[in-house]
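In terms of the working numbering, the sequence shown is numbered consecutively and its last residue is 1105.
Even for Gly, the Cβ is constructed at its ideal location relative to N, Cα and C.
One structure below.
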Amino acid sequence: MSFNNLDQLYRSVIMDHYKRPRNHGILEDENSITVSMNNPSCGDKIKVSLKIQGDKIVDVKYIGSGCAISQSSASMMTEAVKGLSVQDAHAMSFDFSEMVQGREHNDDLELGDAEALKGVSQFPARIKCATLPWKAMEKGLREAQQKIE
Ligand code: ZN
């Protein structure tokens, strides 16, 4: 596949998540935790809800507004981390962040559709858009941890 075709494929994956968000919404049950995070440089807003049982993320949803990169990244993030252990979700967020910054990343964990955001590394101003939902997810994991302690 030529670079241009791959680029087009990635773009269509991103637009698909933007137009048909997966895991959209907020978890209402009392054992879930919801955190908000903004990216003022672009105006992106994200709210991520997590439900953790033991050390597993059993459910995750998001709502938000902003650019296609931030919102599609949120949708991809929810698909990627659902069912993972808290530790693996942190590791995956780190890998994702390395990937969108154009650094070598460990691909032991399946990023799934989030791989489509690889090209963001060519647009430094958009890196924070892509990582916002992942940072929010990590913030939620830390808050959930504190709630247990
Ligand atoms: Zn943005």
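Spatial neighbours of residue i in its chain, beta-carbon cut-off 7 angstroms, leaving aside the 5 residues before and after
i, result
"M957", "Model confidence at M957 stands at a pLDDT of 47, short of 50, so the residue's coordinates are unreliable and nothing is read from them."
"I1019", "H980, G981, I982, K1003"
"S932", "There is simply no residue 932 to check, as the chain begins at 957 and stops at 1105 in what is shown."
"L1065", "D1044, A1047, M1048, D1051"
"E900", "Residue 900 cannot be examined here, being either before or after the span of the chain that is shown, 957 to 1105."
Cα-Cα separation, residue i to residue j
i, j, result
"C998", "I1008", "30 angstroms"
"D972", "D1051", "23 angstroms"
"Y974", "L962", "18 angstroms"
"V1037", "L1097", "11 angstroms"
"S1029", "I970", "8 angstroms"
"A1024", "P977", "11 angstroms"
"N1062", "K1103", "31 angstroms"
"S1039", "G1010", "Going by the sequence as given, residue 1039 is Gly instead of Ser. Cα to Cα, the separation comes out at about 11 angstroms."
Residues near residue i by beta carbon distance below 6 angstroms, same chain, minus five either side
i, result
"S1026", "D1000, C1085, L1088"
Buried or exposed (CB count within 10 angstroms, at least 16 for buried), residue i
i, result
"K1017", "buried"
"A1072", "buried"
"F1079", "exposed"
"D1069", "buried"
"N995", "buried"
"A1081", "exposed"
Span of the alpha helix (DSSP H), counted from its first residue to its last, around residue i
i, result
"D1011", "Segment: none, D1011 is in no alpha helix (DSSP H) and carries neither H nor E."
"A1045", "1042-1056"
Under 8 angstroms between C-beta atoms of residue i and residue j
i, j, result
"S968", "S988", "no"
"K1095", "V1014", "no"
"M1093", "M1033", "yes"
Residue interval of the beta strand (DSSP E) (run including residue i)
i, result
"I989", "988-995"
Cβ-based neighbour list, residue i, same chain, cut-off 8 angstroms, excluding 5 preceding and 5 following
i, result
"V1056", "L1073, K1074, V1076, S1077, I1083, A1086, T1087"
"E1060", "E1054"
"K1012", "G1039, L1040, S1041, V1042"
heavy atom of the ligand MG below 7 angstroms from residue i C-beta
i, result
"G1022", "Absent from the structure shown: the ligand MG. Ligands present: the ligand ZN."
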